[in-house]
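Residue 708 in our numbering sits at position 22 of the sequence shown, and the numbers go up by one each step.
In this text, a Cβ means the ideal position worked out from N, Cα and C, and glycines have one as well.
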Amino acid sequence: MPKQKTHKGARARFHVTGTGKLLRRKQMSSHLRRKKPKKVRRTFDRKIPVAKSMVKNIKRLIPHSL
């Protein structure tokens, strides 16, 4: 059986916490940012948890970071 490879795109987009939770960045955070309200721009700096329905698929893409 071949080795499991890490999906490099998924590795760049998702962050695994010490407790095993998956975090992601918000969308729409870079293009035309100046037009967006200050409150919205502040929320772009935080990472938010991945939806529970997607966790299994993402963990399959990044097996060695768990």
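Tell me whether Val726 sits in a helix, a strand or coil according to DSSP, three-state version.
Working through the sequence shown from its first residue, we reach residue 726 at position 40. Looking at Val726 - three-state DSSP - the assignment turns out to be helix.
Taking 8 Å as the threshold, find out whether the region 713-720 comes into contact with the region 732-748 through three or more Cβ pairs.
no
Can you tell me which of the three DSSP states Pro749 falls into?
As a first step, residue 749 must be located in the sequence shown, where it is residue number 63. Looking at Pro749 - three-state DSSP - the assignment turns out to be helix.
Could you spell out where the beta strand (DSSP E) holding Arg699 opens and where it closes?
The count along the sequence shown starts at 1 and reaches residue 699 at position 13. Segment Lys694 to Arg699 is the alpha helix (DSSP H) holding Arg699; no beta strand (DSSP E) there.
Tell me which residues share the same chain as Gln690 and place their Cβ nearer than 7 Å to its Cβ, disregarding the 5 neighbours each side in the sequence.
Here residue 690 refers to the residue found at position 4 when the sequence shown is read from its first residue. Contacts found: Pro749.
Can you tell me whether Leu752 is buried or exposed, with buried defined as 16 or more other CB within 10 angstroms of its CB?
Locating residue 752 in the sequence shown gives position 66, counting from the first residue. Classification for Leu752: exposed.
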